[in-house]
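> Right, I'll just put the structure down here and ask away after.
Below, the structure is given as structure tokens:
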């Protein structure tokens, strides 16, 4: 039986999952176009998909904001149909052996600051800035960064009066502990500054390969969060950013100096990294690390295939003599055990254009710290 959503989209295989539901590959019944379909049980203890769809509607039209094609209820599920996107920055980080070059980090930083600025301009803060929640586009938008997962987003000011929400304390940690701001750990209500501080930790994660507070062990989740907070507070900006251009330390010191209701100077932060980009002699060619890495892997695979085909051809040209041993002294008809895997070409590169990552939250996934 074919499963459908809104009588417009077929539901295919699962391509992602999270604490708030699963994501499936979908296909338009009208034109066969592929989409992503996020499903959430209507019996969920804390349903958030309808709220997330409303946030997307508020943000609609912004660069790097996925388009929501349909939202509604189908059988026992809330369903949201959205653009199909490419891999997350976390996926690409793993693809590139968990280290990005300075050029790639700066290319990303420029777009990430702009995405956060746009969200803030629409009166929302994201509250879960992390590599998993930034996806690359596909096709002609393959170089564009998209931001997803607004289930934890919150209005920080009134859209009409621009009156800021009040300062509060004793708040539970919302977001992902690894990238949470120090004030978030301390229980302070989040505001614009916290999204930008989280972005600082994301950038240093990409530069360094890991953060000093990763891998800490504790008996309980609360104790683990406390250990992360302690390590974060006792790791100076200079130590965190050691070995990298001073702009990263300047950025972090700036966002940490902001008061609760301050409007960040996004242009200043972008200019910091743009000036560094130019000074390093980089080109705005949108050639990321994964672009090069993928090309090199495909080139190597093509060379392996060509070499294997040549060897195959030469074996076929050699006159058959059963008294002459082959394959390390053992003649076996049809033996190809010495060939590389996957039809002489090694394992095929993973198709990344159809992957949609999970939207796991810290409160339901304590290992993601």
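Numbering (UniProt numbering), first residue to last: 1 to 369. Yeah, the Cβ is synthetic: ideal placement off N, Cα and C, and Gly gets one too. Computed from a predicted model, the values in this text were never measured in an experiment.
Take residue 35 as the anchor and find which of 216, 107, 14 and 48 has the nearest alpha-carbon.
To locate residue 35, count along the chain shown from 1; it is residue 35. Out of 216, 107, 14 and 48, 14 has the C-alpha closest to the C-alpha of residue 35.
> Using DSSP with H/G/I as helix, E/B as strand and the rest coil, what is residue 187?
One-based indexing of the chain shown puts residue 187 at position 187. In the structure shown, residue 187 sits in coil (DSSP, three-state: anything other than H, G, I, E or B).
> Classify residue 213 as helix, strand or coil using the three-state DSSP reduction.
As a position in the chain shown, residue 213 is number 213, starting the count at 1. Coil at residue 213, not helix or strand.
> From the DSSP output, in three-state form, read off residue 252 for me.
As a working mapping, residue 252 is identified with position 252 in the chain shown. Helix.
> Between which two residues does the alpha helix (DSSP H) containing residue 91 stretch?
Numbered from its first residue, the chain shown carries residue 91 at position 91. First-last of the alpha helix (DSSP H) with residue 91: 89-95.
> What residue does the beta strand (DSSP E) around residue 35 start on, and which one ends it?
Taking the first residue of the chain shown as 1, we reach residue 35 at position 35. Here the beta strand (DSSP E) through residue 35 covers 34-41.
> Using only alpha-carbon positions, find the residue among 61, 124, 123 and 147 that is nearest to residue 86.
One-based indexing of the chain shown puts residue 86 at position 86. Ranking 61, 124, 123 and 147 by Cα distance to residue 86 puts 147 first.
> For residue 182, I'd like the list of residues in its chain whose CB is within less than 8 Å of its CB, leaving aside the five on either flank, ordered along the chain.
One-based indexing of the chain shown puts residue 182 at position 182. Result list for residue 182: 197, 229, 232, 233 and 256, in chain order.
> Just checking, does the segment 109-126 make contact with the segment 153-166 on the three C-beta pairs under 8 Å criterion?
Touching, yes.
> Can you check whether the CB of residue 289 is closer than 7 Å to the CB of residue 88?
The sequence position of residue 88 within the chain shown is 88, counting from 1. The sequence position of residue 289 within the chain shown is 289, counting from 1. No.
> Kindly list the residues whose CB is nearer than 6 Å to the CB of residue 6, restricted to its own chain and excluding five residues on each side of it in sequence; keep chain order.
Along the chain shown, one-based indexing puts residue 6 at 6. So the qualifying residues of the chain are 70 and 72.
> Grab the span of the beta strand (DSSP E) containing residue 237 for me, first residue to last.
Locating residue 237 in the chain shown gives position 237, counting from the first residue. Per DSSP, residue 237 belongs to no beta strand (DSSP E); it is in the alpha helix (DSSP H), 237-240.
> Counting pairs of beta carbons, one from the segment 270-277 and one from the segment 245-252, are three or more of them closer than 8 Å?
These segments touch.
> Within its chain, find whatever has a CB closer than 6 Å to the CB of residue 3; leave out the 5 residues flanking it on each side and keep chain order.
In the chain shown, counting from the first residue as 1, residue 3 sits at position 3. Excluding sequence neighbours, residue 3 sits near 11.
> Does the pairing of the segment 106-116 with the segment 39-48 give three or more beta-carbon distances under 8 Å?
Verdict: no, contact absent.
> Within 10 angstroms of its Cβ, does residue 60 collect 16 or more other Cβ (buried), or is it exposed?
Within the chain shown, residue 60 is the residue found at index 60, counting from 1. By the neighbour-count rule (16 or more Cβ atoms within 10 Å), residue 60 is not buried but exposed.
> Classify residue 55 as helix, strand or coil using the three-state DSSP reduction.
The residue labelled residue 55 in the question sits at position 55 within the chain shown. Helix at residue 55.
> Short of 7 Å in beta carbon distance, which residues of its chain neighbour residue 277, apart from the five on each side in sequence? Order them along the chain.
Counted from its first residue, the chain shown places residue 277 at position 277. Hits under 7 Å: 106.
> Find out if the Cβ-Cβ distance for the pair residue 144, residue 64 is shorter than 7 Å.
Along the chain shown, one-based indexing puts residue 144 at 144. Along the chain shown, one-based indexing puts residue 64 at 64. Yes.
> Relative to the C-alpha of residue 209, which residue among 52, 295, 97 and 169 is closest?
For the purposes of this step, residue 209 is taken as the residue at position 209 of the chain shown. For residue 209, the nearest C-alpha among the options comes from 97.
> On a Cα-Cα basis, can you pick out the residue from 201, 266 and 215 that is closest to residue 116?
On the chain shown, position 116 is the one that residue 116 refers to. Nearest of 201, 266 and 215 to residue 116, Cα basis: 266.
> Please classify residue 67 as buried or exposed, where buried requires at least 16 other C-beta atoms within 10 Å of its C-beta.
Within the chain shown, numbered from 1, the residue matching residue 67 stands at position 67. Exposed, because fewer than 16 other Cβ atoms sit within 10 Å of the Cβ of residue 67.
> With a cut-off of 8 Å on the beta carbons, I'd call residue 129 and residue 199 a contact; round off their distance for me.
Stepping through the chain shown from its first residue, residue 129 is reached at position 129. Stepping through the chain shown from its first residue, residue 199 is reached at position 199. So it is a contact: roughly 5 Å between Cβ atoms.
> According to DSSP, residue 4 sits in a beta bridge with which residue or residues?
For the purposes of this step, residue 4 is taken as the residue at position 4 of the chain shown. Its beta-bridge partners are 10.
> Using CA atoms only, rank isn't needed, just tell me which of 9, 39, 27 and 32 is closest to residue 16.
Taking the chain shown and counting its residues from 1, one reaches residue 16 at position 16. Per the Cα distances, 39.
> Considering only the beta carbon of each residue, do residue 167 and residue 260 sit closer than 7 Å?
By 1-based counting over the chain shown, the position of residue 167 is 167. By 1-based counting over the chain shown, the position of residue 260 is 260. Yes, the pair counts as a contact, with Cβ atoms nearer than the cut-off.
> Using only the alpha-carbon positions, how far apart do residue 173 and residue 226 sit?
Position 173 of the chain shown, counted from the start, is the residue given in the question as residue 173. Position 226 of the chain shown, counted from the start, is the residue given in the question as residue 226. About 11 Å.
> Count the other CB atoms within 10 Å of the CB of residue 163; is the residue buried (16 or more) or exposed (fewer)?
Walking along the chain shown from the start, residue 163 turns up at place 163. By the 10 Å Cβ count, residue 163 comes out exposed.
> Starting from the Cα of residue 84, find the closest Cα among 114, 135, 90 and 93 and give me that residue.
What you label residue 84 is simply residue 84 of the chain shown in a count that begins at 1. When only C-alpha atoms are compared, the closest one is 135.
> Give the DSSP-derived three-state secondary structure of residue 120 in the structure shown.
The sequence position of residue 120 within the chain shown is 120, counting from 1. In the structure shown, residue 120 sits in a helix (DSSP, three-state: H, G or I).
> Counting along the chain, where does the beta strand (DSSP E) carrying residue 169 start and finish?
The residue labelled residue 169 in the question sits at position 169 within the chain shown. Run containing residue 169: none; DSSP gives neither H nor E here.
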